[in-house]
Amino acid sequence: MQNFTFHNPTKILFGEGQIAALDAHVPRDARVLITSGGGSITRNGVLAQVEAALGNRTHFIFSGIEPNPTYETLMQAVALAREERIDFLLAVGGGSVIDGTKFIAAALKFEGEPWDILAKQAPVTDAMPFGSVLTLPATGSEMNSGSVISHRAKGDKLPFMSDATFPVFSVLDPTTTYSLPPRQIANGVVDAFVHVMEQYMTYPINANVQDRFAEGLLTTLIEVGPRALAEPHNYEVRANLMWTATLALNGLIGAGVPADWATHMLGHEITALHGLDHAQTLAVVLPAMLTVRRTQKHGKLLQYAERVWNITEGTEEERVTAAITATRDFFERMTVPTRLRDYQIGSDSIDTLIAKLQEHGMTALGERADVTPEVSRKVYELAV
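Per the working numbering, residue -8 is the first one in the sequence shown, and the count goes up by one each step.
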């Protein structure tokens, strides 16, 4: 196991009715900007609960943050926050809203061009405090410091992270997910699954605790994912899904182990070029990535086959193949297609995707930094 420092300052308020706890966690004299996506939080009553909990605090609402939050939209929120002298942000929505709010929080304290936070990885040393009310379990953004932002005009989708952009608190009420459409639930399961895989599916280093945690999260997603689609008002199913998605990317299972993230980087370019949902790109890329890099990941693939999928018969190569096939089948069972052609994308896009990876410096990806543009091309080709 590698040396590590683990610190997560985000307080989690979990369970039905916890939105009311906002009153105890938002400063009494705060001027609050509520950030949100579309109109779902109005239709499902979450916004009404939030506003009731805020009581007589001065607050404003900025809506319209996209599923892949854009720099252009978020800078409008920055302007509103400055105009209204906001001193606390409250993200109400899914991971994209929380990601976007992290950028808003950073941009409000950043001296210079805020896009440099992403394009130049300019350090973020301060940010406006913010909390979140999660309504879509998927990204884990509610309990980590990372964010991914798109620039519509440039066709870029880039990440940043900073210790200054952990949420102060996050409210996780599983009942807020009851009204989600099946596509968003399916995407959330796939997103969480691949988050775990990016930290688990590397090479063995005797990190037994992290491995068992990761395998527990994966098997939980396999168990509750299809039920979350079939039983949308099952509180226990939605509660387990919500907590699993949070634990998938709050730093715990990634402490002291190598991480990959190549699947995410290749997926980001597909979203930026073609507008696919983030989880759709992960479902497309991961099975191809595992196939192309099966030799480098052989040890962990065998462990994954046995412990997650109960595959114990056949040669080692047969078990590895079966594990990759089981992964693809699970995504398909979650109704998320796993081929680029399923989204009407052909091999004619590959040159552009590779060029974008190179433009963004994504030329030595993966846990061993051996995912070169040539390897990425093989993955994209296999993904078609």
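Virtual Cβ for every residue (Gly too), placed ideally from N, Cα, C. In this text the structure is predicted, and so the values were computed from the model without any measurement.
{"Asked": "Using a Cβ-Cβ cutoff of less than 7 Å, which residues in the same chain neighbour residue 279 once the five nearest sequence positions on both sides are dropped?", "Found": "370, 373 and 374"}
{"Asked": "Which of helix, strand or coil does DSSP assign to residue 224?", "Found": "coil"}
{"Asked": "To which residues does DSSP link residue 84 through a beta bridge?", "Found": "125"}
{"Asked": "Classify residue 197 as buried or exposed, calling it buried when 16 or more other Cβ atoms lie within 10 Å of its own Cβ.", "Found": "exposed"}
{"Asked": "Please identify the residue among 216, 356, 46 and 37 whose C-alpha is closest to the C-alpha of residue 284.", "Found": "356"}
{"Asked": "Within the segment 26 to 71, note down every full beta strand (DSSP E) run reaching 3 residues or more, in order along the chain.", "Found": "49 to 53"}
{"Asked": "Got a sec? Which residues, its chain only, sit under 7 Å from residue 239 by beta carbon, not counting five neighbours each side?", "Found": "131, 183, 186, 187 and 208"}
{"Asked": "Would residue 123 pass as a contact of residue 65 if the rule is Cβ separation under 9 Å?", "Found": "no"}
{"Asked": "Per DSSP, which one or two residues make a beta bridge with residue 152?", "Found": "137"}
{"Asked": "Taking the continuous alpha helix (DSSP H) assigned at residue 367, which residues delimit it?", "Found": "364 to 374"}
{"Asked": "Comparing C-alpha positions only, which one of 12, 86, 72 and 155 sits nearest to residue -2?", "Found": "155"}
{"Asked": "Measuring straight from C-alpha to C-alpha, what distance separates residue 326 and residue 314?", "Found": "19 Å"}
{"Asked": "Does the Cβ-Cβ distance between residue 126 and residue 83 come in under 9 Å?", "Found": "yes"}
{"Asked": "Going by DSSP, name the residue or residues bridged to residue 159.", "Found": "Answer is none; residue 159 lacks a bridge partner."}
{"Asked": "So for residue 4, helix, strand or coil by DSSP?", "Found": "strand"}
{"Asked": "Identify the continuous alpha helix (DSSP H) that holds residue 183 and give its terminal residues.", "Found": "173 to 191"}
{"Asked": "Nearest CA to the CA of residue 324: which residue from 358, 360, 173 and 346?", "Found": "173"}
{"Asked": "Classify residue 356 as helix, strand or coil using the three-state DSSP reduction.", "Found": "strand"}
{"Asked": "Pull the bridge partners of residue 24 from the DSSP assignment, please.", "Found": "51 and 80"}
{"Asked": "Say whether the segment 246 to 266 touches the segment 3 to 14, bearing in mind that this needs 3 or more beta-carbon pairs closer than 8 Å, one atom from each stretch.", "Found": "no"}
{"Asked": "In angstroms with no decimal places, state the Cα-to-Cα distance between residue 171 and residue 360.", "Found": "38 Å"}
{"Asked": "If residue 228 sits next to residue 248, beta carbons under 8 Å apart, how far is it from one beta carbon to the other, in whole angstroms?", "Found": "Not confirmed; about 29 Å, so no contact."}
{"Asked": "Can you tell me whether residue 16 is helix, strand or coil according to DSSP?", "Found": "helix"}
{"Asked": "Hey, would you say residue 119 sits closer than 9 Å to residue 77, going by beta carbons?", "Found": "yes"}
{"Asked": "Identify, in the order they occur along the chain, each residue of the same chain with its Cβ nearer than 7 Å to the Cβ of residue 382, setting aside the five sequence neighbours on each side.", "Found": "Outside the displayed range of the chain (-8 to 375) lies residue 382, so it cannot be described from this structure."}
{"Asked": "Whose C-beta lies closer than 8 Å to the C-beta of residue 220 among residues of the same chain, with five residues either side of it excluded?", "Found": "173, 176, 177, 325 and 326"}
{"Asked": "Give the straight-line distance between the Cα atoms of residue 199 and residue 1, rounded to the nearest whole angstrom.", "Found": "25 Å"}
{"Asked": "Going by Cα to Cα distance, which pick from 29, -5 and 47 is closest to residue 14?", "Found": "47"}
{"Asked": "Out of curiosity, what's the CA-to-CA distance linking residue 29 and residue 181?", "Found": "22 Å"}
{"Asked": "If you follow the alpha helix (DSSP H) that residue 287 is part of, which residue opens it and which one closes it?", "Found": "Residue 287 -> no alpha helix (DSSP H), and no H or E assigned at all."}
{"Asked": "Residue 166: which of 189, 193, 233 and 112 sits nearest, CA to CA?", "Found": "233"}
{"Asked": "Using a threshold of 9 Å, state whether the C-beta atoms of residue 39 and residue 53 are closer than that.", "Found": "no"}
{"Asked": "Could you give the uninterrupted runs of the alpha helix (DSSP H) lying entirely in the segment 277 to 330, keeping only those of 4 residues or more?", "Found": "289 to 300 and 307 to 324"}
{"Asked": "Find the nearest neighbour of residue 147 within the set 260, 22 and 289, judged by alpha-carbon distance.", "Found": "260"}
{"Asked": "Over the uninterrupted alpha helix (DSSP H) stretch that includes residue 260, give me the two end residues.", "Found": "253 to 265"}
{"Asked": "Please classify residue 102 as buried or exposed, where buried requires at least 16 other C-beta atoms within 10 Å of its C-beta.", "Found": "exposed"}
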